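Take a look at the structure set out below.
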Amino acid sequence: MSTTAKATASIAALTLAAACVERQPMRLDPDQSRVETIVIPKFSPPELDLLIVVDDSPSMADERAALAANARQFVSVLENIDGGLPSLHLGVITTDLGGDGPGCAGRGDAGLLQRAEACGVDGTFVRIDGVGGRNNLSRDLAGTVACMVDVGTDGCEIEQPLAALDAALTDDTRNVGFVRPEAQLFVLFITDDDDCSVADPAWWSHLPAGARDRADDFACFADGVVCAEGGDPAAPGPRTGCRPAADGSLRGHQAIARLADRLMGLKSRPLDVMVAVISGDAGPIEVGKATDADGRGRPALQPSCSYRAALDRSRSGPQTARPAVRLQAFADLFPNRSTVTSLCDNDLSDALVQLADLLAVNLGNPCIQGVPVDADEARSGTQPSCQLSWFVDYRGPDQVETPLAPCSAVSGLPCWRAIDDPNCTDYPSGISVEVVTDQPWPRRSTVVAQCLVE
0 MSTTAKATAS IAALTLAAAC VERQPMRLDP DQSRVETIVI PKFSPPELDL LIVVDDSPSM
60 ADERAALAAN ARQFVSVLEN IDGGLPSLHL GVITTDLGGD GPGCAGRGDA GLLQRAEACG
120 VDGTFVRIDG VGGRNNLSRD LAGTVACMVD VGTDGCEIEQ PLAALDAALT DDTRNVGFVR
180 PEAQLFVLFI TDDDDCSVAD PAWWSHLPAG ARDRADDFAC FADGVVCAEG GDPAAPGPRT
240 GCRPAADGSL RGHQAIARLA DRLMGLKSRP LDVMVAVISG DAGPIEVGKA TDADGRGRPA
300 LQPSCSYRAA LDRSRSGPQT ARPAVRLQAF ADLFPNRSTV TSLCDNDLSD ALVQLADLLA
360 VNLGNPCIQG VPVDADEARS GTQPSCQLSW FVDYRGPDQV ETPLAPCSAV SGLPCWRAID
420 DPNCTDYPSG ISVEVVTDQP WPRRSTVVAQ CLVE
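Numbering (numbering that gives the first Met the number 0), first residue to last: 0 to 453.
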């Protein structure tokens with residue numbers, strides 16, 4: 000039987016069972032502030048394409064060491080997704096797209112996947128079929144990830160993470176096979192500077208005298224960001240209300256909205272894209288002065304945060320990171336599917352916790368996170384007031400909804416029930432919703448629960 004025929008048969012079987020009891024589509028409460036929505040993909044294992052964009056400039060040696068040191072914890076995040084380790088593609092690219100600045104040459108790494116073969120991977124990226132499945136690794140996943148993110152320290156000091164991502168994924172001649180049409184795509188950026196993705200090569204020739212011999216964070220800021228103060232961007236002082244420059248006012252840089260649209264365009268459902276940013280704090284933002292070796296002064300973008308690295312491989316003293324206005328605004332274009340954390344948290348543990356939460360929510364966390372309203376106070380325990388539906392092509396052009404009834408002697412299958420779940424102890428309810436069925440779920444199946452919470 001073909002894959003399409005199997006999926007059609009599965010849908011028919013599940014729909015026939017669901018039709019045995021009259022059910023209504025989701026309608027729970029007009030006050031949506033009291034409704035918690037839980038989205039649970041039901042294909043097993045879930046498919047995840049994970050691309051890590053690593054800043055390989057000289058200033059990032061300690062931060063990359065921290066990322067490598069936390070590789071085992073990061074892999075634990077993946078393994079603890081509901082249903083276990085996803086069917087995984089994992090790759091690493093750098094922020095180096097070359098140019099005419101310090102450490103920049105030609106097209107740099109050109110968005111090509113890095114380090115896999117040097118780390119014992121058979122191919123240019125990690126492939127794992129899921130829990131206990133086939134893989135192309137010669138060592139454990141944590142050791143492989145730690146090796147792959149160690150991309151060196153000789154990259155271009157004008158970082159272009161968004162353009163590198165665009166080159167990696169939207170050019171179908173590069174990195175063939177990495178992005179799967181049905182998989183969720185998760186992009187993780189780690190950098191101590193903002194995005195400086197250059198659209199016009201002529202931008203390099205407009206840099207101030209001497210700027211090509213150093214990392215000119217101010218030039219990237221002045222040409223890619225606008226702030227409420229307006230006026231001369233080189234004037235010393237704090238800045239407020241800063242945001243990425245719009246298309247019409249950009250000077251040689253790529254517009255983040257266009258890059259986000261291209262990324263979401265890889266998927267039939269934009270909800271299949273997640274973004275995480277580990278970067279400098281959003282503020283404070285201040286322009287100061289720096290002095291070159293020849294004694295000439297120049298404007299300089301000041302760091303927004305500093306910290307002392309737990310693994311100090313490159314230098315003594317505090318490390319710094321600059322405000323990532325463009326990168327963080329890019330993440331904001333993926334509401335409820337993005338997270339931004341500070342590189343200055345030192346050991347990256349807070350960032351990993353947020354990554355875990357983001358993945359759990361979007362790859363199938365069945366926990367009720369709020370305090371559920373008890374639908375039957377006469378019974379012992381909490382009986383959450385929920386409505387569940389099974390969707391095929393959730394929020395897609397061919398969406399089909401089948402309401403699910405609570406499990407009972409007359410409900411038939413599939414049905415749902417609330418259970419005390421030891422994996423939900425981080426939430427006040429300690430309860431998850433579970434769907435019971437005796438049929439395989441068709442591809443692109445998603446269960447959505449809406450539960451009243453206090």
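Virtual Cβ for every residue (Gly too), placed ideally from N, Cα, C.
Note that the coordinates shown come from a computational prediction; the quantities given were computed from them, not determined experimentally.
Asked                                                                                                                                                                                               : Found
Do residue 226 and residue 240 have their CB atoms nearer than 8 Å?                                                                                                                                 : yes
Tell me, to the nearest whole angstrom, how far the beta carbon of residue 115 is from that of residue 124; I am working on the premise that it is less than 8 Å.                                   : 6 Å
Given a cut-off of 8 Å, decide if residue 186 and residue 50 are closer than it, judged by their beta-carbon atoms.                                                                                 : yes
Sort 395, 425, 396 by Cα distance to residue 359 and report the nearest one.                                                                                                                        : 425
For the putative contact between residue 191 and residue 59, defined by C-beta atoms under 8 Å, what is the C-beta separation to the nearest angstrom?                                              : 6 Å
Taking only three categories from DSSP, how would you classify residue 76?                                                                                                                          : helix
Decide if the stretch 170-179 is in contact with the stretch 246-263; the criterion is three or more beta carbon pairs, one per stretch, under 8 Å apart.                                           : no
Taking residue 86 and residue 39 to be in contact with their CB atoms under 8 Å, please state how far apart those CB atoms are, rounded to whole angstroms.                                         : That belief does not hold up - the Cβ atoms of residue 86 and residue 39 are roughly 17 Å apart, past 8 Å.
Three or more C-beta pairs closer than 8 Å, one from the stretch 265-277 and one from the stretch 337-345: is that the case here?                                                                   : yes
Nearest to residue 141 by CA position, among 271, 68, 244, is which residue?                                                                                                                        : 68
In the DSSP assignment, the beta strand (DSSP E) including residue 103 goes from what residue to what residue?                                                                                      : Per DSSP, residue 103 belongs to no beta strand (DSSP E) and is neither H nor E.
Whether or not the stretch 131-151 and the stretch 296-310 are in contact is what I'm after, with contact meaning three or more pairs of Cβ atoms, one per stretch, closer than 8 Å; do they touch? : no
Under 8 Å by Cβ, that's how I've got residue 146 and residue 95 pegged, so tell me the actual separation to the nearest angstrom.                                                                   : Contact flag wrong, Cβ pair sits at about 19 Å.
Is residue 238 near residue 88, with beta carbons less than 8 Å apart?                                                                                                                              : no
Tell me which residue opens and which closes the beta strand (DSSP E) that residue 157 is part of.                                                                                                  : Element bounds for residue 157: n/a, residue is neither H nor E.
Can you round the beta-carbon distance between residue 428 and residue 365 to whole angstroms, since I take them to be within the 8 Å contact cut?                                                  : That pair is no contact at about 11 Å.
Run the CB neighbour count on residue 317, radius 10 Å, all protein chains shown included, and call it buried at 16 or more, exposed below.                                                         : exposed
Assign residue 435 to buried or exposed, taking buried as 16 or more other Cβ atoms, counted over all protein chains shown, within 10 Å of its Cβ.                                                  : exposed
Express the C-alpha separation of residue 216 and residue 41 in angstroms, rounding to a whole number.                                                                                              : 45 Å
Rounded to the nearest angstrom, how far is the Cβ of residue 362 from that of residue 136, given a contact under 8 Å?                                                                              : Not a contact, Cβ separation roughly 21 Å.
Assuming residue 396 contacts residue 325 (C-beta within less than 8 Å), just tell me the rounded distance between them.                                                                            : Contact flag wrong, Cβ pair sits at about 32 Å.
Quick check on DSSP: helix, strand or coil for residue 217?                                                                                                                                         : helix
Go ahead and label residue 400 buried or exposed: buried means 16 or more other beta carbons lie within 10 angstroms of its beta carbon, across all protein chains shown.                           : exposed
Just reading off the alpha helix (DSSP H) that residue 61 is part of, what are its end residues?                                                                                                    : 60-68
Identify every residue that forms a DSSP beta bridge with residue 93.                                                                                                                               : 53
Exposed or buried, which one is residue 330 when buried takes at least 16 other CB atoms within 10 Å?                                                                                               : buried
Check each candidate in 221, 356, 73, 320 and name the one with the smallest Cα separation from residue 335.                                                                                        : 356
Would you give the residue range spanned by the beta strand (DSSP E) that residue 187 belongs to?                                                                                                   : 183-189
Going by the CB atoms, is the gap between residue 52 and residue 177 shorter than 8 Å?                                                                                                              : no
Determine the direct distance from the alpha carbon of residue 417 to that of residue 349, and round the result to whole angstroms.                                                                 : 30 Å
With C-beta atoms as the reference, is residue 152 less than 8 Å away from residue 57?                                                                                                              : yes
Give me the Cα-Cα distance between residue 408 and residue 437, rounded to the nearest whole angstrom.                                                                                              : 15 Å
Helix, strand or coil for residue 195, going by three-state DSSP, please let me know.                                                                                                               : coil
Under a Cβ-count criterion, where at least 16 other Cβ atoms within 10 Å of its own Cβ denotes burial, should residue 78 be classed as buried or exposed?                                           : exposed
Which runs of the alpha helix (DSSP H) spanning at least 4 residues fall entirely within the stretch 379-449, listed in chain order?                                                                : none
Suppose contacts are defined by Cβ-Cβ distances below 8 Å. Is residue 402 in contact with residue 415 by that definition?                                                                           : no
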